[in-house]
Amino acid sequence: MTTVKEALHSTAACDSIFLAGWVRTRRDSKAFSFLELNDGSCLKGIQVVADAGIPGYDDITKMTTGASVRVEGKLIPSQGAGQAWEVQAQSLTLVGSADESYPLQKKGHTLEFLRSIAHLRARSNLFGAVFRTRSRMTMAVHEFFQSRGFVNVHTPIITASDCEGAGEMFRVTTLGQGSAAKPEGDFFGKNAYLTVSGQLEAETFACALGKVYTFGPTFRAENSNTSRHAAEFWMIEPEVAFCDLHGDMDLAEAHVKHMVKVMLTDCVEDLEFFSKFVDKELIARLKFVAERPFQRVTYTDAVEILLQSGQQFEYPVEYGANLQSEHERYLTEKHFQCPVTVFNYPKEIKPFYMRLNEDGKTVAAMDLLIPGIGELIGGSQREERLEVLQANMERHGVKEEDYWWYVDLRKYGTVPHAGYGMGFERLLMFVTGVGNIRDVIPYARTPGSAEF
RNA sequence: UCCGGCGUAGCUCAGCGGCAGAGCGGGUGGCUGUUAACCACUAGGUCGUAGGUUCGAUCCCUACCGCCGGAGCCA
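Residue numbers for the first sequence follow numbering that gives the first Met the number 0, so the first one is 0 and each next one is one higher.
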């Protein structure tokens, strides 16, 4: 069997071709019909010409939009404008009909409606393109790290650490609802949760294998209702031994650039579709990002830029406070007009594991901000000095006995090391131009929503 | 969770304190190497849910539910 993609890219006619897919639209003449057949292998469908009387033509009225069909025929140059090749069918087989209740119409639908039929939306042009892109970007992540000698580590999904500082956690239990049993009586003998980050475990492997990365699902039980947050998302977390913050920032920028370059070279047809129907500036922006160096600015300088900007912000700019979304947007969209890495944040607003700088006031943290999305990457150099780490834990109210294995890393052959987390869906939003995280993941999990 | 907006036909929306509307999609017929085809006809509604005001509520008020946008949390 040939895919539609292969057929459309054919360099020569072919006497015998087999295709199977779903009907996008049909136009009937008295003596023949046109079927547009799409099989998901690429954005475009192929035009099938079926003369009345060929085997299977009796079912032509049932080959409506959404029906699945097999076609046997010849690949020939098209007589009509609009396509180079078409299939002259010699026989048609109706595999599965789709009656008039099939919800995907030939016309455009809103993203909100398509979310309500997420089990069918991958059959639309946009979502077919999104999920082909998602697949290619998945491979690009592995290519990027594997080509640099990184080892992929599968960190656990279920964890017993209940305060990793990355957000609220989902509880994992086999106890019945309202059970009075103590955690000791639960499956793991203690409270267990879905992971909010594989970082701490990844650090242990970096301190053995050198350069590692994780790429897997991550869960946050935050009651977040935004276009950039999901309760279940995929995160990429590299962790590198003998690496400082600057090496970490170099890696993060190279990572983003690599992903963008793969998008530009390997997803051309889908990218052109996004650029035409989702975001007209997309291709220009991706080329810009692929070619230009990113900006880097310390938190202190960023605050100064914001104070000097003359902009009226809803929230005041203040040293020592977190940068608000509007501040980050100003930096990346207005001031620098390109991706920006902000680094060296005040220690008070960052978690216990980040490395204290020589000034005693800031930590070696960094956020990579991109236009339109905001924070794509958050990372840091990790505190490798035992006494300093212990003091940080004390200050953050983190109990050492809960993290004895993490502390052990600093007792036995400790090394400077650094890493970051990249939200895979946020990256997809950036490279596709799609504005809502719910539309770059097959079945979005958000507060109050776990259908499908 | 907070602020704002929206829930009317399968979809996108208009409407109005007094008989429920359009475009698209669907169905039927016609026509054509067609391209989101075209032409004609046609079916399709508990106006989100529950209360309240009113002679009368899809319309005004309240609560709830859902969705969208923004904020916070973060990736």
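Where a beta carbon is used, it is the ideal one built from N, C-alpha and C, also for glycine.
Residue i: first and last residue of the uninterrupted alpha helix (DSSP H) it sits in
i      : result
Phe249 : It should be noted that the sequence gives Asp, not Phe, for residue 249. Segment Leu244 to Asp265, the alpha helix (DSSP H) holding Asp249.
Thr132 : Asn124 to Gln145
Leu368 : Taken as a continuous stretch (DSSP letters only), Leu368 belongs to no alpha helix (DSSP H), being part of the beta strand (DSSP E) at Thr361 to Ile369.
Lys73  : Note, Lys73: premise wrong, no alpha helix (DSSP H); beta strand (DSSP E) at Ser67 to Pro76.
Leu193 : Where Leu193 is concerned, there is no enclosing alpha helix (DSSP H), although the beta strand (DSSP E) it sits in stretches over Ala191 to Leu193.
Ala283 : Leu281 to Glu290
Val3   : Val3 to Leu7
Close-in-space but distant-in-sequence residues of the same chain around residue i (CB under 6 angstroms, 5 per side omitted)
i      : result
Phe204 : Val152 and Val211
Gly55  : Ser90, Leu91 and Thr92
Gly81  : none
Ile440 : Glu424
Cys266 : Thr132 and Arg135
C-beta contact flag for residue i and residue j at 9 angstroms
i      : j      : result
Gly418 : Glu202 : yes
Ala251 : Met421 : yes
Pro338 : Leu375 : yes
Leu36  : Leu18  : yes
Ala66  : Gly107 : no
Leu199 : Tyr352 : yes
Lys73  : Val86  : yes
Gln323 : Tyr314 : yes
Ala283 : Leu330 : no
Ala240 : Gly166 : no
Phe232 : Phe169 : no
Phe273 : Leu367 : no
Glu142 : His257 : yes
His118 : Phe451 : yes
Leu385 : Cys206 : no
Proximity to residue i [Cα-Cα], best of the options
i      : options                           : result
Thr225 : Ile372, Val267, Phe218 and Asp407 : Ile372
Glu317 : Pro345, Cys242 and Gln294         : Pro345
Ala159 : Pro216, Ala180 and Tyr192         : Tyr192
Pro350 : Phe335, Pro370 and Gly377         : Gly377
Val48  : Asp38, Phe33 and Gly39            : Phe33
Glu271 : Ser134, His245, Leu125 and Gln82  : Leu125
Ala11  : Trp84, Asp58 and Asp38            : Trp84
Asp278 : Met428, Phe169 and Arg437         : Met428
Leu174 : Gly166, Glu167, Met168 and Phe186 : Phe186
Asn475 : Gly447, Gly79, Asn391 and Gly148  : The question about residue 475 has no answer, for the chain in this structure spans 0 to 451.
Thr64  : Asp27, Arg131, Val22 and Ile45    : Val22
Val129 : Lys61, Arg444, Ala180 and Leu110  : Leu110
Arg120 : Gln46, Thr60 and Gly39            : Gly39
Ile53  : Phe31, Gln46, Ile45 and Val68     : Phe31
Val406 : Glu383, Leu426, Met262 and Arg394 : Glu383
Arg354 : Gly309, Arg328, Val387 and Gly79  : Val387
Pro155 : Pro237, Gly44 and Gly197          : Gly197
Residues near residue i in its chain [Cβ-Cβ closer than 7 angstroms; skip 5 each side]
i      : result
Val248 : Here the sequence assigns Met to residue 248, which means Val is not the residue at that position. The residues are Arg295, Thr340, Phe342 and Met365.
Val140 : Phe214 and Ile235
Ser134 : none
Ser9   : Leu74 and Trp84
Asp269 : Leu42, Ala128, Arg131 and Thr132
Cβ shell of residue i (< 8 angstroms), same chain only, five flanking positions each side left out
i      : result
Asp243 : Ala363, Gln380, Pro415 and Ala417
Phe287 : Cys337
Ile348 : Gly319, Ala320 and Asn321
Arg25  : Ser32, Phe33, Leu34, Glu35, Ile59, Met62, Thr63 and Thr64
The beta strand (DSSP E) enclosing residue i, as first and last residue numbers
i      : result
Lys210 : Lys210 to Phe218
Tyr405 : Taken as a continuous stretch (DSSP letters only), Tyr405 belongs to no beta strand (DSSP E), being part of the alpha helix (DSSP H) at Trp403 to Lys410.
Tyr344 : Val339 to Pro345
Met421 : His416 to Gly422
Met234 : Glu231 to Ala240
Arg25  : Cys13 to Asp27
Glu85  : Trp84 to Gly95
Backbone secondary structure at residue i - three-state DSSP
i      : result
Phe33  : strand
Glu327 : helix
Asp57  : helix
Gln307 : helix
Gly184 : helix
Asp269 : helix
Lys106 : coil
Ile376 : strand
Arg384 : coil
Ala49  : strand
Arg170 : strand
Ser274 : helix
Val430 : helix
Asn151 : strand
Leu355 : strand
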